[in-house]
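Take a look at the structure set out below.
Numbering (the numbering used here), first residue to last: 2 to 176.
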């Protein structure tokens, strides 16, 4: 049986491919590029993601990380992500169109979201967002949540307790 960390890594590889494909598909409408950090923020992640990121950073010998508390995301340095190759899944999805089930209305309906700098030269009413040109963030989060539950169970079997979420800045405590 594949452990939760390996399942997370498989999910990560799949999401990375999906995000790359969506970025290429929407290349004419996406202006996100190196140096744009409008979507970046300090965040917390599930334990499975935290420990996978930690493992990857150590394997890549990234043990001296930059972190500036005054920035929206402390891992930014000169407007670039210092953990870009290991960044969390949510960070991978920045800029591309994501679809989610919106519960703000009387009836549930799907909504699409993307960076406000993107799709500015497109008639959004004519744009047909669907499952082929968006990332379903609810499905991603559901799968990630299940993998995390399995990870927490694996940790309990080893006598370890895990918090619900871990602030990403805590990576510095373990490197």
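Backbone N, C-alpha and C define an ideal beta-carbon position, used for all residues, glycine too.
Quick caveat: nothing in here was measured; it's all calculated off a predicted structure.
Examine chain D for any beta-carbon lying closer than 8 Å to the beta-carbon of residue i, and answer yes or no.
i	result
residue 7	No chain D is present in this structure, which holds just one protein chain.
Hey, residue i and residue j: beta-carbon distance below 8 Å or not?
i	j	result
residue 54	residue 173	no
residue 74	residue 41	yes
residue 96	residue 148	no
residue 141	residue 90	yes
residue 80	residue 36	yes
residue 102	residue 12	no
residue 38	residue 116	no
residue 93	residue 17	yes
residue 78	residue 176	no
residue 152	residue 6	yes
Assign residue i to one of three DSSP states: helix, strand, or coil.
i	result
residue 197	It is not possible to answer for residue 197, since the shown part of the chain is limited to 2 through 176.
residue 82	strand
residue 137	strand
residue 176	coil
residue 154	helix
residue 146	helix
residue 51	helix
residue 34	coil
residue 58	helix
residue 87	helix
Can you pull the DSSP bridge partners for residue i?
i	result
residue 167	46
residue 110	103
residue 77	82
In the DSSP assignment, find the unbroken alpha helix (DSSP H) run with residue i in it and report its ends.
i	result
residue 24	5-26
residue 128	Neither: residue 128 is in no alpha helix (DSSP H) and is coded neither H nor E.
residue 92	90-93
| How about the region 123-130 and the region 64-78: do they share at least three Cβ pairs that are nearer than 8 Å? | no
| request: Decide yes or no for the touch test of the region 31-45 against the region 129-139: beta carbon pairs closer than 8 Å, at least 3 of them. | output: no
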